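Protein sequences appear in the order of chains A and B. The letter at position 5 of the first sequence is residue 4 when you use numbering that gives the first Met the number 0, and the numbering goes up by one with no holes. The letter at position 29 of the second sequence is residue 28 when you use numbering that gives the first Met the number 0, and the numbering goes up by one with no holes. So the structure is just underneath, and the comments pick up after that.
Number of protein chains: 2
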Amino acid sequence: MFNVSTRVQYGFLALLALADGDGKTPVRLGSIARDLHLSFKYLENIFQSLVKARIVRGTRGPEGGYVLERDPRSLSLYDIFRALEGPVFTVECFDEESACRHLALCPVRDLWGELRGSLEKFLKRRTLADIKSKYKKPVVLAHMEMFGVAGEETGKKESASI
Amino acid sequence: MFNVSTRVQYGFLALLALADGDGKTPVRLGSIARDLHLSFKYLENIFQSLVKARIVRGTRGPEGGYVLERDPRSLSLYDIFRALEGPVFTVECFDEESACRHLALCPVRDLWGELRGSLEKFLKRRTLADIKSKYKKPVVLAHMEMFGVAGEETGKKESASI
DNA sequence: CTATTTCCTAGTAAGTTGGTATGAAATATA
DNA sequence: TATATTTCATACCAACTTACTAGGAAATAG
Ligand code: FES
Ligand code: FES
């Protein structure tokens, strides 16, 4: 089965939030989590993988946050999958431990190879910049509107209503 | 992540074993399990799904076994995936319960749609007959040789060596 | 009647997914 | 220097999926 994990879905959305900015001023996870209605803790978890893969760079403390470390035009969906999920495509026949991997000529093995190839080709072709430029409106803003949130970015912590 | 489950791998291999035959005389799971070095019980489990999906038909008793119920030229890899794994592609954004599914215009949502499309297109294009005809040698025979098994189909239960 | 083979319903151990919890380390600001 | 803020690091957990196994009922050829 092919499942796009929530790690990838949320991570990708959050990366678009970084790409929406000017690329210089760090974006806090707190604001992304609020805007996209996602778990802050889970986003932190996800972003540690992105840091390790050198896709983003974080700076701590007040005025801290994350910036993209790679050019969105060369940052592919494949890179993001690899950073967040590890291997993109698995099949027993390709594993070291598999009994059948020594059969040189096998149409079934070839089939899995082609499937992997087609999948990777798709993922490598799409970059963060491609997706971002697909519609005029910033993606994060669009999702905020979906939740009926007013776009107050530096707002005063939505008032002390508790 | 995309994982081709062992259900699909083994099931596909076993279907090729049926396709290797004349299409009339039933093939027993016992012989397939022996030739491909797979678990008989697991194959039974897998074939129940194939029966339910009307891909194969079984007849019980001695001289029983399975035959293909569908033409290999129209039996696609997609059909086999569906029968054995259920949904081929899942992503939260497409689910009923997902928070974001009501956003009409979303480049990210479009991206997942394209990914699904590309995957399904690949799987629907390949048929059992295609793969079978890719090499001259029957696929099952090739795998048997890999295990160093002599091709004795109706053999005498590999002698009472226990 | 008996051996053989599929059919059917369960169950289960290991791995993956989708998160939480807790606290340490760094840093801007006062 | 003290403090609030933010990332960094490690560990944990519940629910779900995967990859099987178990035990027997039902059909059928000889
Ligand atoms: S060699 Fe792995 S399926 Fe044929
Ligand atoms: S609507 Fe689901 S990701 Fe945008």
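Yeah, the Cβ is synthetic: ideal placement off N, Cα and C, and Gly gets one too. Fair warning: this is a prediction, and the values are worked out from it, not measured in the lab.
Item	Value
Three-state class that DSSP yields for T58/B in the structure shown	strand
Cutoff 7 Å; reference S73/B; Cβ partners in own chain excluding five residues on either side	T126
Range covered by the beta strand (DSSP E) that runs through L67/A	G64 to L67
Exposure label - A103/A; buried when at least 16 CB within 10 Å	exposed
Three-state secondary structure (DSSP) of F46/B	helix
C-beta neighbour in chain B for L17/A, strict 9 Å	no
Contacts that R125/B makes with chain A (C-beta to C-beta distance below 9 Å)	L110, E113 and L114
Pick from G57/B, W111/B and G112/B that is closest to G22/B, judged by C-alpha positions	G57/B
Buried versus exposed call for F11/A [16 or more other C-beta atoms within 10 Å across all chains shown]	buried
heavy atom of ligand 2 below 8 Å from H142/A C-beta	yes
Simplified DSSP assignment, three categories, for V3/A	strand
Presumed contact (8 Å Cβ cut-off) between H142/B and C92/A, rounded CB distance	Going by Cβ atoms, the distance from H142/B to C92/A rounds to 11 Å, so no, they are not a contact pair.
Contact set for E51/B: own chain, Cβ-Cβ below 8 Å, skip 5 residues either direction	In the sequence as presented, Glu is not what sits at residue 51/B; that position holds Lys. A82.
Limits of the unbroken alpha helix (DSSP H) element including V139/A	V138 to M145
N-terminal and C-terminal residue of the alpha helix (DSSP H) that V107/A is part of	P106 to R124
Interface flag, A149/B vs chain A, CB-CB below 9 Å	Any reading at A149/B needs caution, since the residue's pLDDT is 48, under 50, leaving its predicted position unreliable; the model's value is listed next. No, A149/B does not count as interfacial toward chain A.
Cβ-based burial, D70/B [other Cβ within 10 Å; buried from 16]	exposed
Of the residues H101/A, G63/A and Y77/A, the one placed nearest G116/A, counting alpha carbons only	Y77/A
First through last residue of the alpha helix (DSSP H) which encompasses F166/B	It is not possible to answer for residue 166/B, since the shown part of chain B is limited to 0 through 161.
Short Cβ contact (9 Å threshold) for E68/A with V55/A	yes
Unbroken beta strand (DSSP E) run spanning T24/B, endpoints	Careful: T24/B lies outside any beta strand (DSSP E) and carries neither H nor E.
Expected contact under 8 Å - CB spacing of V138/B and D19/B to nearest Å	7 Å
Pocket of ligand 1 (residues with CB nearer than 5 Å to any heavy atom), chain order	C92/A, C99/A, L102/A, C105/A, V107/A and R108/A
Residues bridged to F88/B [DSSP beta-bridge criterion]	F1/A
Boundaries of the alpha helix (DSSP H) in which L127/B is found, first to last residue	L127 to K131
Chain A residues whose Cβ lies nearer than 7 Å to that of M145/B	C99, H101 and L102
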